[in-house]
Amino acid sequence: MSATIDNLEIIEYNQEIVRIRNSSAIIQREALNGFIFCMSLVRKMRDAKEIFPDYDDCWYMTASKAEGLAIILSSLLRERIMSGRNSDNHIVDPAIPLENLSVHCRHDAVLYLDREVHISNTGALTVEQFMHKIRDMAFTKPLSFAREKEFRFSFTILAGNRILTPIVDNVILDGEELTDWLI
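Numbering (our numbering), first residue to last: 1 to 183.
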């Protein structure tokens with residue numbers, strides 16, 4: 001993460017706080033590349049069709065099944081990484097040993113934020129809340145996408161304690177295990 005301060009007006013400071021006003025900064029945050037699976041967070045299946053009328057695929061599941069889907073998708077992704085390694089269709093760097101390979105998944109609703117954020121101790125967003133939100137970039141999109149009502153599954157691939165970055169843009173998983181599981 002990096003930050004550039006465009007304007008800084010310090011009102012007071014001590015060992016614990018710095019109080020500023022009329023200040024602006026640009027914060028840039030990059031995250032490691034990874035795989036994300038997206039669904040629409042809607043109450044009824046017909047509501048998903050209204051979001052993407054030209055999209056020809058539709059899944060539906062209850063929110064209570066999200067953790068179960070995360071576990072199954074993580075397992076399928078792990079299997080795909082291993083089978084890709086064995087068939088020279090690599091998902092991660094082939095030079096990295098895959099001992100203790102695991103895939104972790106975090107799932108949550110996407111948060112839609114304006115790209116310009118005003119932070120104050122009396123405003124809707126405190127510095128602590130803002131820092132928490134930019135930490136989870138995989139679950140943050142610009143406000144202009146809010147109509148998508150997205151729910152995401154974000155996957156982190158690990159070999160031991162090392163995070164592995166995919167070397168491909170996407171991966172197709174064998175979803176046969178999912179047919180009986182989804183509604």
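A virtual CB, placed ideally from N, CA and C, is assigned to each residue, including glycine.
Is it buried or exposed for residue i, if we count other Cβ within 10 angstroms and need 16 for buried?
i: C105; result: buried
i: S40; result: buried
i: I10; result: exposed
i: I157; result: buried
i: V18; result: exposed
i: V168; result: exposed
i: S23; result: exposed
i: E150; result: buried
i: S187; result: The displayed coordinates of the chain run from 1 to 183. Any statement about residue 187 would go beyond what the structure contains.
i: L32; result: exposed
Pull the bridge partners of residue i from the DSSP assignment, please.
i: Q28; result: S2
i: L77; result: None, per the DSSP bridge assignment.
i: F153; result: F37 and H107
How far does the beta strand (DSSP E) with residue i in it reach, from first residue to last?
i: M39; result: F35 to S40
i: V103; result: L101 to A109
i: T62; result: Neither: T62 is in no beta strand (DSSP E) and is coded neither H nor E.
Three-state secondary structure (DSSP) at residue i?
i: K44; result: coil
i: F130; result: helix
i: S87; result: coil
i: A159; result: strand
i: I72; result: helix
i: E176; result: helix
### Message
So, does the stretch 125-144 touch the stretch 89-100, judging by three or more C-beta pairs under 8 angstroms?
### Response
No contact exists between the stretch 125-144 and the stretch 89-100.
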